[in-house]
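Chemist: Input: one structure, supplied below.
In the numbering used here, the protein residues as written are 89 to 357.
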């Protein structure tokens, strides 16, 4: 399991970083769009859409939104990121009270709307951050925070994870894992401070941004776990050995990216 997880990560990392640093803006937007659409395909399984035509219709609907409204999405980015952050606060509440109030979101229409709230802001956030002056490096920093949190949580949870975080949502996740994630992102932030001029260029500002991102990444991970648990599936897909599906790989990023983007805009990055 760990071996295949590492091999997959070693393959994905250069592809991802190559897209961030080498692709022209339109191609980068298209690449991220493809990843989001693959995530949407897996999301349809959590919507319990069984027919190929139904699942493809949802993916094509999302593609249509990206193609027809991308210009307007960019114009109203602050509003969209604010809506996304509000949604993640609601998601946090739903995770805490699970399995209560599942009637409010377990139908196909509600899950479909949630999928749009999860995936669209992710695409917009990454595309918009990429357009900033230090855009590729800021995205690298975001990825390092999310990947670092995931790695720190994995190993700390394996070693010390006796006290469970949300056993009704994800029995494998622990408070020790959260602690490992926090320590890792603080170390990443400390190392990154000399290279970035944002968050008032203070260590406290960098740390606060990192903590917001790690909190969001945990919520994003738990939300997908909640949906998978409700549907009775272990992984969102089987495309990525050791990781599961695309959604299993980007679940943390779906919450972290819009939070990160909104913070950067607020700080005038």
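Note that CB positions come from ideal geometry on N, CA and C, so glycine has one too.
May I ask you to report which of helix, strand or coil DSSP gives residue 249?
Modeler: Counting from 1 along the chain shown, the entry for residue 249 is found at position 161. Residue 249: coil per DSSP, three-state reduction.
Chemist: For the stretch 192–206 and the stretch 269–286, state whether three or more C-beta atom pairs, one from each stretch, are separated by less than 8 Å.
Modeler: Cβ pair count under 8 Å is below three, so no.
Chemist: Nearest to residue 257 by CA position, among 223, 313, 281 and 174, is which residue?
Modeler: Counted from its first residue, the chain shown places residue 257 at position 169. It is 313.
Chemist: According to DSSP, is residue 261 helix, strand or coil?
Modeler: The sequence position of residue 261 within the chain shown is 173, counting from 1. Of the three classes helix, strand and coil, the one that applies to residue 261 here is strand, per DSSP.
Chemist: Would you kindly report the start and end of the unbroken alpha helix (DSSP H) that includes residue 321?
Modeler: Taking the first residue of the chain shown as 1, we reach residue 321 at position 233. First-last for residue 321: undefined, no H or E at that position.
Chemist: Report, in whole angstroms, the separation of the C-beta atoms of residue 138 and residue 199, which I expect to be a contact under 8 Å.
Modeler: By one-based count along the chain shown, residue 138 stands at place 50. By one-based count along the chain shown, residue 199 stands at place 111. Rounded, the Cβ-Cβ distance is 14 Å, inconsistent with contact.
Chemist: Alpha carbons only, please: which of 281, 324, 93 and 107 is nearest the one belonging to residue 120?
Modeler: Working through the chain shown from its first residue, we reach residue 120 at position 32. The shortest Cα separation from residue 120 among 281, 324, 93 and 107 belongs to 107.
Chemist: Sort out for me which residues DSSP pairs residue 254 with in a bridge.
Modeler: Counting from one through the chain shown, the residue named residue 254 turns up at place 166. Paired residues: 258.
Chemist: Write down every uninterrupted run of the beta strand (DSSP E) in the stretch 107–149 whose length is 3 residues or greater and which is fully enclosed by it, in chain order.
Modeler: List check, beta strand (DSSP E) in window: nothing returned.
Chemist: Looking at C-beta atoms only, is the number of pairs between the stretch 225–238 and the stretch 158–172 that lie closer than 8 Å three or more?
Modeler: The stretch 225–238 is not in contact with the stretch 158–172.
Chemist: Residues in its own chain within less than 7 Å of residue 214 by CB, not counting five upstream and five downstream?
Modeler: Mapped onto the chain shown, residue 214 falls at position 126. Counting only Cβ-Cβ distances below 7 Å, and skipping sequence neighbours, we find 120, 227 and 345.
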